[in-house]
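Peer 1: Here it is, the structure in full.
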Amino acid sequence: MLSQYQLGEMQFYTGEGKNRVKNVRTIEGAGILFGYEYNPLDRWLYTRYYGFLDYGFVILDKSSNIETNMFTYGAGADIVIEYNKNPLNVWGLFYGMMVAANTWTTSEFSKNFFIENYRSFTSFSFKGTYFRLFGQIGVRFQTVILYHDISIEVGFKFPFDTEIGSRFVRNYSLFVSHTWYF
């Protein structure tokens, strides 16, 4: 089981045609991952498979406290390469791909803000889910604390495609995670 703190960038568009404006905001959130590592021969190269749920929080307008929430959920797999494999510490690199669905929710107050302040949003529909393909790359450190294996990972999550049809898009996220093996 893995828990993450994520910090990244999201964008949303206002206006239409030549008046279209790209707005960029910081997105903060958390993630949880539950999966299985497959390394039957205890080798330096192995795979892991998981399901995940990410949550992101964005303040769109600080003066009015207008906010939106992002939920990303799906399944993924990583290839892990380990170095200095000994019982007390292991260093490694990982690269993975995830198939995910992205859902953006906005409060009624935020929805009214868009309609009243940006005329282009009068036909804005709050669709439920958009599908994406993500990649991630990072470094991991594993050790033993209180007779349990734990690891700390630092990485970068990035999309391979855009959210077609969505005005909200998460561009990337940096994460720090903690894994507890049981």
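The UniProt record's numbering puts the sequence shown at residues 1 to 182. For glycine and all other residues, C-beta sits at the position ideal for the given N, C-alpha and C. Just so we're clear, the structure is a prediction, and the values are computed from it rather than from any experiment.
1) For Gly128, which of helix, strand or coil comes out of DSSP?
2) In whole angstroms, what is the alpha-carbon distance linking Phe131 and Tyr55?
3) Tell me whether the beta-carbon of Val31 lies closer than 9 Å to the beta-carbon of Gln11.
4) Just the C-alpha distance for Arg48 and Arg25, rounded to the nearest angstrom, thanks.
5) Considering only C-alpha positions, which residue in the set Phe156, Thr105 and Gln136 is nearest to Val99?
6) What separation, rounded to the nearest whole angstrom, lies between the Cα atoms of Thr162 and Arg170?
7) Would you give the residue range spanned by the beta strand (DSSP E) that Asp161 belongs to?
8) Run through the region 46 to 87 for me and flag every whole beta strand (DSSP E) of 3 or more residues, listed as ranges in chain order.
9) Check whether the Cβ atoms of Phe71 and Gly51 lie closer than 9 Å to each other.
10) What does the alpha-carbon distance come out to for the pair Phe94 and Asn84?
11) Per DSSP, which one or two residues make a beta bridge with Asn19?
12) Around the C-beta of Leu45, are 16 or more other C-beta atoms found within 10 angstroms, so that it is buried, or is it exposed?
13) Under 9 Å between the Cβ atoms of Ser166 and Trp104?
14) CB-CB under 7 Å to Glu9, same chain, minus the five flanking residues each way: which ones, in chain order?
15) Using a threshold of 9 Å, state whether the C-beta atoms of Thr68 and Phe156 are closer than that.
Peer 2: The structure says:
1) For this step, residue 128 is matched to residue 128 along the sequence shown. Gly128: coil per DSSP, three-state reduction.
2) Mapped onto the sequence shown, residue 131 falls at position 131. Mapped onto the sequence shown, residue 55 falls at position 55. Rounded to whole angstroms, Phe131 to Tyr55 spans 15 Å at the Cα level.
3) Numbered from 1 along the sequence shown, position 31 holds the residue referred to as residue 31. Numbered from 1 along the sequence shown, position 11 holds the residue referred to as residue 11. First, the amino acid is wrong: residue 31 is Gly here, not Val. Contact flag unset, no.
4) Counted from its first residue, the sequence shown places residue 48 at position 48. Counted from its first residue, the sequence shown places residue 25 at position 25. Spanning the two alpha carbons is a distance of roughly 32 Å.
5) Walking along the sequence shown from the start, residue 99 turns up at place 99. Ranking Phe156, Thr105 and Gln136 by Cα distance to Val99 puts Gln136 first.
6) Residue 162 sits at position 162 when you count from the first residue of the sequence shown. Residue 170 sits at position 170 when you count from the first residue of the sequence shown. Within the model, the alpha-carbon separation for Thr162 versus Arg170 is close to 9 Å.
7) Start at 1 with the first residue of the sequence shown, and residue 161 comes out as number 161. From DSSP, Asp161 is part of no beta strand (DSSP E); its letter is neither H nor E.
8) 66 to 83
9) Locating residue 71 in the sequence shown gives position 71, where the first residue counts as 1. Locating residue 51 in the sequence shown gives position 51, where the first residue counts as 1. No; because the gap between Cβ atoms is not below 9 Å, this pair is not in contact.
10) Position 94 of the sequence shown, counted from the first residue, corresponds to residue 94. Position 84 of the sequence shown, counted from the first residue, corresponds to residue 84. Approximately 15 Å between the Cα atoms of the pair.
11) Your numbering for residue 19 matches position 19 in the sequence shown. Per DSSP, none; premise fails for Asn19.
12) Here residue 45 refers to the residue found at position 45 of the sequence shown. Residue environment: Leu45 is assigned as exposed (fewer than 16 neighbouring CB atoms within 10 Å of its CB, all protein chains considered).
13) Within the sequence shown, numbered from 1, the residue matching residue 166 stands at position 166. Within the sequence shown, numbered from 1, the residue matching residue 104 stands at position 104. Taking 9 Å as the Cβ cut-off, Ser166 and Trp104 qualify as a contacting pair.
14) For the purposes of this step, residue 9 is taken as residue 9 along the sequence shown, with counting starting at 1. Short of 7 Å from the beta carbon of Glu9, and not among the five residues preceding or following it, lie these beta carbons of its own chain, in chain order: Val24, Thr26, Ile27, Asn171 and Tyr172.
15) Start at 1 with the first residue of the sequence shown, and residue 68 comes out as number 68. Start at 1 with the first residue of the sequence shown, and residue 156 comes out as number 156. No. Outside cutoff.
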